[in-house]
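I have placed the structure first, in the form of structure tokens, so that the comments after it can refer back to it.
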Amino acid sequence: MPTTQHDLFRYDIAKSYDWNYENAPDPVDIEVPDYPGEWDFMGIPTGSPLGMPAGPLLNGKWVLYYASLGFDVLTYKTVRTRERACYDLPNLQPVDTEPLHGGEAECPTTLEMTGSWAVSFGMPSKAPDVWREDVETTRKKLPKGKVLSVSVVGSVLEGWGIEELAADYARCARWAVDSGADVVETNFSCPNVSSPDGQLYQQHEDARFVAKTVRQAIGDTPYLIKVGHVPTRKEADWLIRAVGPYVDGLAMTNSVATKVRDEEGNLLFEGQCRGICGKATLDESLKQVGTFHE
Numbered sequence: 114m115p116t117t118q119h120d121l122f123r124y125d126i127a128k129s130y131d132w133n134y135e136n137a138p139d140p141v142d143i144e145v146p147d148y149p150g151e152w153d154f155m156g157i158p159t160g161s162p163l164g165m166p167a168g169p170l171l172n173g174k175w176v177l178y179y180a181s182l183g184f185d186v187l188t189y190k191t192v193r194t195r196e197r198a199c200y201d202l203p204n205l206q207p208v209d210t211e212p213l214h215g216g217e218a219e220c221p222t223t224l225e226m227t228g229s230w231a232v233s234f235g236m237p238s239k240a241p242d243v244w245r246e247d248v249e250t251t252r253k254k255l256p257k258g259k260v261l262s263v264s265v266v267g268s269v270l271e272g273w274g275i276e277e278l279a280a281d282y283a284r285c286a287r288w289a290v291d292s293g294a295d296v297v298e299t300n301f302s303c304p305n306v307s308s309p310d311g312q313l314y315q316q317h318e319d320a321r322f323v324a325k326t327v328r329q330a331i332g333d334t335p336y337l338i339k340v341g342h343v344p345t346r347k348e349a350d351w352l353i354r355a356v357g358p359y360v361d362g363l364a365m366t367n368s369v370a371t372k373v374r375d376e377e378g379n380l381l382f383e384g385q386c387r388g389i390c391g392k393a394t395l396d397e398s399l400k401q402v403g404t405f406h407e
């Protein structure tokens, strides 16, 4: 019997990242209507422009599940050259806030998901031998018309400078390509970590150097950079000039960062900012896309 929308599985925000990783759903038998027209993503033919970003696609089983729902451009959640544990719960905290535009001091939590949430994973990653084999298997199982993009990030070690970080980004990107990625996305924006890789998109010369190093490592493979909130036209121009010669596109907007306060008046996440995603950032994200398009 075909699956209905009421049967569909989703990430369980009450459970840990590792639990959700190990309990990924199987692909479903659901009717997906054809999308009219001919489409491509980064020059790769695809069934539609409908995509799913890295957030919920923890591994190959999650990728294949969302592919069965009709998503055609699928981004494998960010991986590293070394294993990294996830932050403690909550990793996805529902919030209740008006549209965010940047500069807001904080937003309140809510008990039920209303379309906006604070994200706090810290860019975890399984060991390279695990995710590389998984990416290879996933690409082989995806049907024609599905595009597999793999998100990668560098891992800063003590004493490293930008040269070492760039080399680590490039190594991870090359591994993704060798494992079967159709597209590589380097994550230059994660407001939930304090290391230089977290807000690389705001450091234009460093971003340029890393992008150039990655491009040299992956050759002609389609290459995206994920960026965060860019509030002004001037900053957008700087970023485009810095990375434009090396990348094929930008993925945006990661989130808008703010502090999060619970119903009892306590700041979550030790008072540090977390990226807010969902409905609260839609208006600002659309505005940013328009700015970069101009």
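Sequential numbering of the sequence shown, starting at 114, is according to this note's numbering. Yeah, the Cβ is synthetic: ideal placement off N, Cα and C, and Gly gets one too.
Over the uninterrupted beta strand (DSSP E) stretch that includes residue i, give me the two end residues.
i	result
Asp153	Trp152 to Phe154
Pro207	Leu205 to Pro207
Val296	Val296 to Asn300
If you draw a straight line from the C-alpha of residue i to the C-alpha of residue j, how long is it?
i	j	result
Phe322	Ser229	34 Å
Ser262	Ile157	11 Å
Asp153	Glu144	22 Å
Glu271	Pro146	51 Å
Pro241	Asp209	37 Å
Thr326	Lys128	38 Å
Phe382	Pro162	36 Å
Thr191	Ser233	14 Å
Cys285	Arg346	31 Å
Ser398	Thr371	15 Å
Ala364	Tyr178	22 Å
Give the DSSP-derived three-state secondary structure of residue i in the structure shown.
i	result
Ala137	coil
Tyr314	helix
Ile143	coil
Leu337	strand
Ile157	strand
Gly362	strand
Asp319	helix
Thr194	coil
Tyr148	coil
Asp125	coil
Val327	helix
Met114	Any reading at Met114 must be qualified, since the residue scores a pLDDT of 46, below 50, and its modelled position is unreliable; the value itself is stated next. Met114: coil per DSSP, three-state reduction.
Tyr130	helix
From what residue to what residue does the alpha helix (DSSP H) around residue i run?
i	result
Tyr178	Gly173 to Ser181
Glu348	Arg346 to Val356
Leu395	Leu395 to His406
Assuming residue i contacts residue j (C-beta within less than 8 Å), just tell me the rounded distance between them.
i	j	result
Gly362	Met155	7 Å
Thr334	Val290	5 Å
Ser368	Gly403	So it is not a contact: roughly 18 Å between Cβ atoms.
Ser238	Arg197	5 Å
Glu298	Thr194	Wrong, their Cβ atoms sit about 16 Å apart, outside the cutoff.
Asp185	Gly164	7 Å
**Within the segment 210-290, ranges of the beta strand (DSSP E) (whole runs, at least 3 residues)** = Positions of the beta strand (DSSP E) runs, each at least 3 residues long and wholly inside the segment 210-290, are given as 219-221, 229-232 and 260-265 in order along the chain.
**Item:** Runs of beta strand (DSSP E) lying entirely within the segment 367-391, each at least 3 residues, in chain order
**Value:** Runs found: 369-374 and 387-391.
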